[in-house]
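Residue numbers (the numbering used here): 14 to 466.
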Amino acid sequence: MQIAVIGVGYVGLVTAAGLAETGNTVIGHDIDAEKVARLQAGQSPIYEPGLDRLLARNLEEGRLSFTTDLNEAVRQAELVFLALPTPPGASGEADLSFVYAAAEHLAEAFGQHPLNGQAPRIVVTKSTVPVGTARSLQRFFDERLPGLVQVASNPEFLREGFAVEDFLKPDRVVIGTPDPQVGEKLRQLYLPYTRQGNPIYLMDWESAELTKYASNAFLAMRISFMNELARLCEKVGANIDWVRLGMGADSRIGRRYLFAGVGYGGSCFPKDTLALAATARQHGLALHLVEATIHINAQQRQLFWEKIQNYYRGSLQGRTFAVWGVAFKPDTDDIREAPALDLIAWLLEAGAHVRAFDPVALPSLQKARPEWPIYYAKNAYEALTGADGLLILTEWGEFRQPNWPKLRALLRTPVVFDGRNLYDLAEAQKAGIDYLSIGRPAVYAYSQQVGTP
Ligand SMILES: NC(=O)c1ccc[n+]([C@@H]2O[C@H](COP(=O)([O-])OP(=O)(O)OC[C@H]3O[C@@H](n4cnc5c(N)ncnc54)[C@H](O)[C@@H]3O)[C@@H](O)[C@H]2O)c1
């Protein structure tokens, strides 16, 4: 099929390359000329495991190309995927201005370049958009180009860090459309990705749109549930990791998305929970569980921060802190809504110095916060040199087995504030460090020897 993907960020780029992989001809379009130039040169502007190879293969074999020219992108396209940003607006609702700006341009381009035989084009919303968007986009196109555009909803469920794998082998594909022919066309498109028997669900627009928000809100709720429980664990002397293991082994519950920590970040859970709650409010309804999920997550960063302040009895002025991990999760360079953004900001406000390390996300941080006077370390251990404490904010694989004697020797005060519960308490005790994690008893192996710093 001839396909255009509008917006080649994290989702659009993986979608474009993933759709080309099964033999479709795909043109990716973006208004960011620098991004497009890099893609045309075969370089991925984002870090995503497996994406480089997918891009290279499909560019080389001529099925995939990129352009800043919207007309060129859509001239032949029977399917047009929208993978545009939908950031939170002032009251948490999804801001659809990017979607509608693109829709305006698309209507013009479609008007200028009708498909052979005046066949209708299918415009597919891959962006996460609130319930009602597909219906209102359909009205938008019907007013401008009657009968020439059919809108379908096809929410994307990929996880950054596993995006290529998730796109090529999705757990399920959700397609929202009132038109059986549109549904069949999209079903055919996705058949090669579901050969193991994973389902393709055809449903109405509204249900498809809501399925995406419901999935993200549910996963976020599991995390906030565990984070709230972790607070109780700290009060009663329990260990949230044992509780998690005991719960997760129950097949009714499952093991995933039960990790307590400094809270979720990223470009999806924070904004999608806000947008879902806003949609409900617009319909006169309060989604109490979703509101609580958001609230608990915001508190979780604060509580972690308080833990750090309490350790030093409030005075962080002039102290130096190492930060391991600035990405919102491992295997991505995405720092949107990452806990590190808040924690580093608070450290700087408190007059502390910061030495940050992340295997891939430091350039994203430098770009997003060029004014921050922080030291960008070349490796994890360099960040530790002379620091009064280490904050672990992303669970990168390379942080999981540290060289404890080296870590202890490099830190001026060997204390680790672990926002991701990476280490065994016994391991920390043996290493002779102070170790404060989430929902688990604190270890004071260093202070026991020298007194509290
Ligand atoms: N990132 C994820 O893990 C993920 C997963 C599932 C769904 N989503 C949803 O997918 C959508 C896109 O997310 P993302 O993370 O890929 O965002 P992104 O910011 O990485 O990418 C969006 C791209 O759209 C481009 N763009 C903006 N306006 C444009 C226009 N008028 N024409 C052409 N290009 C334009 C931007 O330059 C950017 O490259 C959002 O709605 C998001 O909620 C994201």
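Every residue, glycine too, gets a C-beta built ideally from N, C-alpha and C.
Test item: CB-CB of residue i and residue j under 8 Å
i	j	result
ASP347	GLU173	yes
ALA165	ARG134	no
VAL112	PHE79	no
VAL27	LEU72	no
THR306	ALA227	no
ALA17	LEU77	no
MET234	LEU316	no
VAL177	GLU61	yes
ARG200	LEU215	yes
LEU406	VAL336	yes
PRO183	TYR206	yes
TYR459	VAL428	yes
Any non-hydrogen atom of ligand 1 within 7 Å of residue i CB
i	result
GLY22	yes
HIS296	no
PRO193	no
CYS246	no
PHE153	no
GLU47	no
ALA396	no
LYS139	yes
PRO343	no
SER280	yes
LEU171	yes
ASP346	no
GLY25	yes
THR306	no
PHE123	no
PHE317	no
ILE253	no
PHE412	no
PHE79	no
THR99	yes
ILE16	no
ILE266	no
ASP43	yes
ILE236	no
ALA96	yes
ALA30	no
ALA374	no
ALA114	yes
PHE175	no
PHE231	no
PHE430	no
PHE111	yes
ILE40	no
ILE188	no
ILE19	yes
Buried versus exposed call for residue i [16 or more other C-beta atoms within 10 Å across all chains shown]
i	result
VAL187	buried
ARG332	buried
LEU83	buried
TRP255	exposed
ASP447	buried
ASN392	exposed
LYS443	exposed
LYS248	exposed
ILE266	exposed
GLN313	buried
PRO372	buried
HIS308	exposed
GLU362	exposed
ALA422	exposed
PRO418	exposed
GLU47	exposed
ARG208	exposed
SER264	exposed
GLY402	buried
VAL463	exposed
LYS139	buried
ASN416	exposed
Chain B contact for residue i (CB, 8 Å cutoff)
i	result
SER264	Among the chains of the structure shown, chain B does not appear; only one protein chain is present.
>> Ignoring anything shorter than 4 residues, give me the alpha helix (DSSP H) runs that lie fully in the segment 183-215, in order along the chain.
In response: Within the segment 183-215, the complete alpha helix (DSSP H) runs of at least 4 residues fall at 193-203.
>> Threshold first: 4 residues or longer. Then list the alpha helix (DSSP H) segments lying entirely within the segment 382-449, N to C.
In response: Qualifying alpha helix (DSSP H) stretches, in chain order: 393-397, 417-423 and 438-444.
> Mind pulling the alpha helix (DSSP H) runs of 4 or more residues that sit fully within the segment 108-149?
Replying inline: Counting whole runs of 4 or more residues, the segment 108-149 contains the alpha helix (DSSP H) stretches 110-125.
> Considering only residues of the segment 40-111, which uninterrupted alpha helix (DSSP H) runs meet the minimum length of 4 residues and lie entirely inside it, listed in chain order?
Replying inline: As far as the segment 40-111 is concerned, its whole alpha helix (DSSP H) runs of at least 4 residues are 46-53, 64-73 and 83-87.
> Which runs of the alpha helix (DSSP H) fall wholly inside the segment 298-354 and span at least 4 residues, in chain order?
Replying inline: For the segment 298-354, the full-length alpha helix (DSSP H) segments reaching 4 residues or more read 301-324 along the chain.
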